[in-house]
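Since the structure comes first, as structure tokens, the remarks are kept for the end.
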Amino acid sequence: MKRVLYLLILLLMSGVSHAQTDSLARTSIQGNILTTDGQPAPFVSITLKGSRIGTTTDGEGKFFLKDIKPGSYTLQASGVGFETLRENITVAGEQVTQVSYRIATAVKQLQTVEVTGRKETTYKNDYSFALKTQVPVKDIPQAISTVTKELILDQQSYRLQDVTKSVAGVNQFSVYDDITIRGFRSSDNRLLNGLRWAGNFWTSPLLVNIERVEFIKGPASATFGNANPGGTINMVTKKPLDETRANVQLSLGSFKTTRATADFTGPLNEQKTLLYRLNLGYENSGSFRDYVDFKTLVVAPSISFVPNAKTRINFDLTVQDINTVLDRGRTVFRGEQNLLATPINFNLTQPGDRLNPKIFSAALSWSQNLSRGLNLNVAYMRFREDQTLTEHRFQRYITRDSIQLSYTDRIVNYVNDNANIYLTWQTRTSGVEHLLLGGYDYAGYDYNFSEKFANSAFNINLNQPTFQPRDVAKYVYSFRSLTDNRQAYSSHGVYVQDQMKWNRWQLLLSLRREQFTVPTTAAVARSFGRDIQ
508 MKRVLYLLIL LLMSGVSHAQ TDSLARTSIQ GNILTTDGQP APFVSITLKG
558 SRIGTTTDGE GKFFLKDIKP GSYTLQASGV GFETLRENIT VAGEQVTQVS
608 YRIATAVKQL QTVEVTGRKE TTYKNDYSFA LKTQVPVKDI PQAISTVTKE
658 LILDQQSYRL QDVTKSVAGV NQFSVYDDIT IRGFRSSDNR LLNGLRWAGN
708 FWTSPLLVNI ERVEFIKGPA SATFGNANPG GTINMVTKKP LDETRANVQL
758 SLGSFKTTRA TADFTGPLNE QKTLLYRLNL GYENSGSFRD YVDFKTLVVA
808 PSISFVPNAK TRINFDLTVQ DINTVLDRGR TVFRGEQNLL ATPINFNLTQ
858 PGDRLNPKIF SAALSWSQNL SRGLNLNVAY MRFREDQTLT EHRFQRYITR
908 DSIQLSYTDR IVNYVNDNAN IYLTWQTRTS GVEHLLLGGY DYAGYDYNFS
958 EKFANSAFNI NLNQPTFQPR DVAKYVYSFR SLTDNRQAYS SHGVYVQDQM
1008 KWNRWQLLLS LRREQFTVPT TAAVARSFGR DIQ
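Throughout, this note's numbering is defined as the position within the sequence shown, counted from one, plus 507.
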């Protein structure tokens, strides 16, 4: 009798539970999200605040929420490129509530030339300038990895080469500013805010004023020119914000390392039309390598002028003074197979050897909205490096454990000019969205150096090396002058690009024509062109 009673109670409870579940299942919200111009808003996140219920709109902007308890809620819709939408909604029991909302496009977040900074403080970055204009990363048919300043800070990555460990397919090839992307070396393939930047091969640039580093994997020569098949590295500098922020950091570490950074930003007037940002950095550190140290000073101010919603102007200035030595690596005994035959800290650098690059870059960018969807963008950057180098280095073996050192005293001057002007136009034809881009760019390079070179400075025994100041005036030199070692070329490029989007399909078409002029040693210029598609 008891068993029958228990069975009846279980059946009754099951029936009540089933009725409640069935009632809950019939209580739901069905709706769609449209843009302000009546187009479906796909992949928008839908949540009911105060609950764990949520979903995402499909390709037609439709969504469905079920298993909702009757009551009043706030429905929130948000997505990349859209303003966050919040609407109060009342859900009645055992019925489907039909809703339809329009969500505004966050046009104010899009920039064709980056003038104002990124306010987010997370590792994630939703936008990229890989197509020369600010586009959501998910809409770019190319693999792009971004390392933001937040990740740089948390990992204490102080130089560009330090961030490679966070990016798949990117590796450091040597101890210098020498990086490979998908197996291709990219030491001379750098961009600064989308403009070609020369850099310095021997020392990796500091990231004091860098907002993020974009690794654009695969060919990108159609829009940037002079790119290799592995990929392109684009460093984006920190831009001013319209809110006041300040950050000062001091870090101490091994090998007597002392680093200090400061970051100040905010408006310069009440109207917030004039913004500033100032980044400062200082480093004084040693190394596990003998006689290797780093002393670096960075000053990087940035000014933005935003008088109205249509006009944006930015000026960036970066000055770096680097004082270190050129570490050529470790020498082992002649014919020795054991690479650890000499200690890993062993270095042939002599007292007085120095590498001192002084780097200066200035950039001016202007973006002007001409009409709805049509923007004009102009940018110019000058990069200059003045480098002095004095070094003793391995020349040849004399015996198994005795080598001859050479000595170099070199002065290098490098100037790089970049100019870029292009138009962007957002339009829609026959249901297909187009982001059209067309422009012209110029790059001019002038590299020259003079040096005196002593082929036979002195001999040194690897078993009993001596490190002492050398009288370099007594060396026998050969000379090479500036004019004998001048390297220069210029390039002019025109390009067009169309990023098309239809429903969930996207297609990117690009075409570029580039003309190079390379002066020969006989001062006779030669030109050649190429098409890149």
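All residues carry an ideal CB built from backbone N, CA and C; glycine is no exception.
Going straight from the alpha carbon of residue i to that of residue j, what length do you get?
i	j	result
Tyr798	Thr895	18 Å
Lys576	Val603	12 Å
Asp953	Phe691	25 Å
Gln546	Ser809	39 Å
Ser758	Arg766	5 Å
Asn968	Asp908	6 Å
Val654	Gly676	14 Å
Thr597	Gly578	6 Å
Tyr887	Phe822	10 Å
Arg900	Asp860	10 Å
Phe1023	Val1001	12 Å
Gly600	Thr744	54 Å
Gln857	Asp800	13 Å
Leu787	Lys724	31 Å
Asn539	Ile717	40 Å
Ser681	Gly945	38 Å
Thr562	Ile610	16 Å
Pro972	Gly793	21 Å
Lys615	Asp633	Because the pLDDT at Lys615 is just 44, under 50, the model does not fix this residue reliably, and the value given afterwards should be weighed accordingly. Near 15 Å, if we compare the C-alpha coordinates of Asp633 and Lys615.
Ser872	Thr818	11 Å
Pro1046	Ile918	This structure leaves residue 1046 out entirely; the chain is present only between 508 and 1040.
Can you tell me whether residue i is buried or exposed? The criterion is at least 16 other CB atoms within 10 Å of its CB, across all chains shown.
i	result
Phe589	buried
Asn852	exposed
Tyr1042	Outside the displayed span of the chain (508 to 1040) sits residue 1042, for which this structure offers no information.
Arg593	exposed
Lys672	exposed
Pro747	buried
Arg505	This structure leaves residue 505 out entirely; the chain is present only between 508 and 1040.
Thr751	exposed
Arg784	buried
Arg1019	buried
Ser811	buried
Ile905	exposed
Asn970	exposed
Val805	buried
Phe571	exposed
Since residue i and residue j are thought to touch, with beta carbons under 8 Å apart, how far apart are those beta carbons, to the nearest angstrom?
i	j	result
Leu862	Val832	6 Å
Asn815	Lys802	Between Lys802 and Asn815 the Cβ distance is about 44 Å, and since that is not below 8 Å, they are no contact.
Ile1052	Arg697	Past the edges of the chain, shown from 508 to 1040, lies residue 1052, and the structure says nothing about it.
Leu912	Phe965	6 Å
Gly586	Val551	4 Å
Asp893	Asn920	6 Å
Phe708	Asp669	With 8 Å as the limit, Phe708 and Asp669 do not qualify as a contact, their Cβ atoms being about 17 Å apart.
Gly566	Leu541	At roughly 13 Å, the Cβ-Cβ gap does not stay under 8 Å, so Gly566 and Leu541 are not in contact.
Would you please verify whether the beta carbon of residue i is less than 7 Å from any beta carbon of chain B?
i	result
Thr554	Absent from the structure: chain B. Only one protein chain is present.
Next item on the list: Could you name each continuous alpha helix (DSSP H) segment of 4 residues or more that falls completely within the region 710 to 777, going from the start of the chain to the end?
Entry: Within the region 710 to 777, the complete alpha helix (DSSP H) runs of at least 4 residues are 728 to 731.
Item checked: Meets three-Cβ-pair contact criterion under 8 Å: the region 916 to 934 and the region 702 to 709 -> Yes, they touch.
Check: Taking contact to mean at least 3 C-beta pairs separated by less than 8 Å, is the region 857 to 874 in contact with the region 708 to 725?
Finding: Contact check between the region 857 to 874 and the region 708 to 725: three or more CB pairs, one atom from each, fall below 8 Å, which counts as touching.
Next item on the list: State whether the region 874 to 884 contacts the region 929 to 941, with contact taken as three or more CB pairs (one from each stretch) at a distance under 8 Å.
Entry: Result yes; three or more Cβ-Cβ pairs closer than 8 Å.
Next item on the list: For the region 1012 to 1020 and the region 836 to 854, state whether three or more C-beta atom pairs, one from each stretch, are separated by less than 8 Å.
Entry: No contact exists between the region 1012 to 1020 and the region 836 to 854.
Notebook entry, point to check: Can you give, in chain order, each stretch of the beta strand (DSSP E) that sits fully within the region 810 to 850 and has at least 3 residues?
Noted result: Counting whole runs of 3 or more residues, the region 810 to 850 contains the beta strand (DSSP E) stretches 818 to 830.
Item checked: Minimum length 4: unbroken alpha helix (DSSP H) runs contained in the region 662 to 708 -> None, since the region 662 to 708 contains no complete alpha helix (DSSP H) of that length.
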